[in-house]
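J.: Dropping the structure in here first, questions after.
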């Protein structure tokens, strides 16, 4: 096993030492300090062995690749984030099964819930009162784990010396409605983010309503019973390696000079409101007032604070009520393509 690990470590060093890859590593650490972004396509084209191992044994392979970066003295305490994965590794949330456990995969959906960022213990060090030995225990479960015994034979109480903590957050990602068939209900999956993935700059990617691709490892989550024991039935969750937006944010949009001129020209059109409304679900005849309301909702209003302190929000909410088959869902589906954060 040790020989195999050395072989993987050497392969990883060769990958990072390759001039083009070394240049990309340098670019990553200049922008993010210790975060190294790599493309799976680059990895697979350089070493099928390394890329295959990453898919089959992701945690072990990531650890060895990060060790390679440290031993090459390219970056201290590195974290590798993948930018992509093959289409073959895409799994619908509803299709995830036990066979996918501990495998590297990616799912796609809409963020429905995002917890607050809180510290989480990932490792703890205990001291044996009898012999003074320091015992390190990885904290991989929800319940804080202590050592059961020491090499000297002692069992029972061990003194907690220190613990390593990282920021963590839980997301709930739901299947996109446009990918459902017939009367299917969207399925959900818990996703755990840690370290740099929960930094403030990442929040715009993970706010509820955002459409994202989650690249990560599927793990089982123990379900505690009221008796204190663990159920034989486990929940599933994805330990995320990276969160990739499925759509551009407004800040990421690049407007050319030609686009800017066209926007300014449209803004001078006295009939622009009418034209915009007519282009909302144009295949649906009529409903002029509804379409005009939707245009106003898409643009939004301005938040106002009155003299007495009363705040009027700028968001516009619309409730469509009608008989079945009058194109409510079709109209809203059209809007979802324009404003994907709407459901």
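In this note's numbering, the protein residues as written are 8 to 350. C-beta atoms are modelled at their ideal positions from N, C-alpha and C, and glycine is treated no differently.
Could you please give the first and the last residue of the uninterrupted alpha helix (DSSP H) stretch that includes residue 33?
T.: Start and end: 26-39.
J.: Contact defined as beta carbons within less than 8 Å: I believe residue 86 pairs with residue 41. What is the distance between those atoms, to the nearest angstrom?
T.: That pair is a contact at about 6 Å.
J.: When burial is assigned at 16 or more other CB atoms within 10 Å of the CB, is residue 342 buried or exposed?
T.: Classification of residue 342: buried, given that the 10 Å Cβ count is 16 or more.
J.: Identify whether residue 126 lies in helix, strand or coil by the three-state DSSP scheme.
T.: Residue 126: strand per DSSP, three-state reduction.
J.: If you check the beta carbons only, do residue 102 and residue 222 fall under 9 Å apart?
T.: For residue 102 and residue 222, no; Cβs fall outside 9 Å.
J.: Restricting to Cα atoms, I'd like to know which of 36, 14, 332, 38 is closest to residue 56.
T.: Looking at the Cα atoms, 14 is the closest of the given residues.
J.: For the segment 230-317, which segments carrying the beta strand (DSSP E) assignment without a break, of at least 3 residues, lie completely within its bounds, in sequence order?
T.: Fully enclosed beta strand (DSSP E) runs of 3 or longer: 242-252.
J.: Would you kindly work out how many angstroms separate the C-alpha atoms of residue 12 and residue 54, rounded to a whole number?
T.: Cα to Cα, residue 12 sits roughly 15 Å from residue 54.
J.: If you drop the 5 nearest sequence neighbours on each side, which residues of the same chain put their C-beta closer than 6 Å to that of residue 169?
T.: 132, listed in sequence order.
J.: By alpha-carbon positions, which one of 271, 297, 307 ends up nearest to residue 326?
T.: Ranking 271, 297, 307 by Cα distance to residue 326 puts 297 first.
J.: Using only the alpha-carbon positions, how far apart do residue 93 and residue 279 sit?
T.: Roughly 43 Å between the two C-alpha positions.
J.: Less than 9 Å between the C-beta atoms of residue 201 and residue 130, yes or no?
T.: Not a contact, by the Cβ cut-off of 9 Å.
J.: Confirm, please, whether the CB-CB distance from residue 76 to residue 67 is below 9 Å.
T.: Against a cut-off of 9 Å, the Cβ pair of residue 76 and residue 67 comes out as no contact.
J.: Would you be able to state if there are at least three C-beta pairs under 8 Å between the segment 156-164 and the segment 204-220?
T.: No contact exists between the segment 204-220 and the segment 156-164.
J.: Relative to the alpha-carbon of residue 219, which residue among 333, 113, 157, 45 has its alpha-carbon at the smallest distance?
T.: Among 333, 113, 157, 45, the Cα nearest to that of residue 219 belongs to 113.
J.: Work out the CA separation of residue 100 and residue 303 for me, nearest whole Å.
T.: Distance between the alpha carbons of residue 303 and residue 100 is about 35 Å.
J.: Hey, residue 115 and residue 226 are a contact pair by Cβ (cut 8 Å); roughly how many whole angstroms apart?
T.: Not really, about 19 Å apart at Cβ, beyond 8 Å.
J.: Counting only C-beta atoms, is residue 19 closer than 9 Å to chain D at any point?
T.: Absent from the structure is chain D; it holds one protein chain and no more.
J.: Go through its chain and collect everything with a Cβ distance to residue 142's Cβ below 8 Å, but skip five positions before and after it.
T.: For residue 142, where only same-chain residues beyond five positions count, the Cβ hits under 8 Å are 132, 133, 134, 135, 154, 157, 165.
J.: Name the residue from 172, 104, 263 whose alpha carbon lies nearest to the alpha carbon of residue 127.
T.: Minimum Cα distance to residue 127 is reached at 172.
J.: Going by DSSP, what residues sit across from residue 181 in a beta bridge?
T.: In DSSP, residue 181 forms a bridge with 117, 195.
J.: To which residues of the same chain is residue 36 closer than 7 Å at the C-beta, ignoring the five residues directly before and after it?
T.: 43, 82.
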